[in-house]
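Here's the structure we're looking at; comments come further down.
Residue numbers (UniProt numbering): 1 to 207.
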């Protein structure tokens, strides 16, 4: 992973804010050769006000999705889940009866990702939601390299239709990559489908 001088400066400043040295591994150079694709289900789309309901993730290594190494955790929330959000993620209050508290859930997620690069669809939102919990606990924000699949898709499409309107909706990207829609909308399934998109786009780059 290559960092610019400015990126190195930001990482050093971020590391200096770390409250618990037990998590310093997040800043280590990743030598696993793995990537983590992750997704969150939330009470809404405002990181300042909304909360995480679940986190799902899967690892990629050697251009393969390691479906045997998935991560899923449900998170206790303090806000009422709106009927509108339940229609999207299908997570009901009864589904969260045995959920983990947010501190434990986020720490488990950090242990799963380590210092691996993170991949996602509209990753900025999911990272903002994770950072909302990480910063009060550890004093830092996620230092991992971030890879956005919609950006890869856009950059490939714009060379073919430079004046075109590129549809970046998740279902559209799946369809145009000739990938199956797994149907059930939850964090783990979304992470696996995003991993499929990433591999399709990077393995067929330029085609």
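Every residue, glycine too, gets a C-beta built ideally from N, C-alpha and C. Computed from a predicted model, the values in this text were never measured in an experiment.
Just the Cα atoms here: how many angstroms apart are residue i and residue j?
i: residue 207; j: residue 179; result: For residue 207, the pLDDT reaches just 44, beneath the cut-off of 50, and the residue's location in the model is therefore unreliable, although a value from the coordinates is still provided. If you take the alpha carbons of residue 207 and residue 179, they lie about 16 Å apart.
i: residue 44; j: residue 126; result: 11 Å
i: residue 10; j: residue 128; result: 17 Å
i: residue 135; j: residue 13; result: 14 Å
i: residue 42; j: residue 163; result: 35 Å
i: residue 198; j: residue 167; result: 17 Å
i: residue 57; j: residue 154; result: 23 Å
i: residue 40; j: residue 159; result: 31 Å
i: residue 156; j: residue 106; result: 34 Å
i: residue 165; j: residue 152; result: 16 Å
i: residue 132; j: residue 189; result: 23 Å
i: residue 5; j: residue 111; result: 27 Å
i: residue 27; j: residue 115; result: 6 Å
i: residue 137; j: residue 161; result: 45 Å
i: residue 74; j: residue 121; result: 20 Å
i: residue 96; j: residue 46; result: 21 Å
i: residue 193; j: residue 181; result: 7 Å
i: residue 191; j: residue 148; result: 12 Å
i: residue 140; j: residue 31; result: 22 Å
i: residue 109; j: residue 33; result: 18 Å
i: residue 203; j: residue 195; result: 12 Å
Count the other CB atoms, across all protein chains shown, that sit within 10 Å of the CB of residue i; report buried if there are 16 or more and exposed otherwise.
i: residue 104; result: exposed
i: residue 71; result: buried
i: residue 144; result: buried
i: residue 85; result: buried
i: residue 59; result: buried
i: residue 150; result: buried
i: residue 172; result: exposed
i: residue 35; result: buried
i: residue 24; result: exposed
i: residue 200; result: buried
i: residue 102; result: buried
DSSP has residue i in a bridge; who is on the other side?
i: residue 75; result: 100
i: residue 60; result: 35, 65
i: residue 70; result: 58
i: residue 52; result: 42
Assess contact between the segment 72-85 and the segment 39-56, defined as three or more Cβ pairs (one per stretch) separated by less than 8 Å. Is contact present? yes
Enumerate, from N- to C-terminal direction, the unbroken beta strand (DSSP E) stretches of 3 or more residues contained entirely within the segment 11-45. 34-42
What residue ranges within the segment 118-176 form continuous beta strand (DSSP E) runs of no fewer than 3 residues, ordered along the chain? 118-120, 146-148
Between the segment 183-197 and the segment 84-95, are three or more C-beta pairs nearer than 8 Å? yes
Are the segment 56-67 and the segment 6-18 touching, with three or more C-beta to C-beta distances below 8 Å? no
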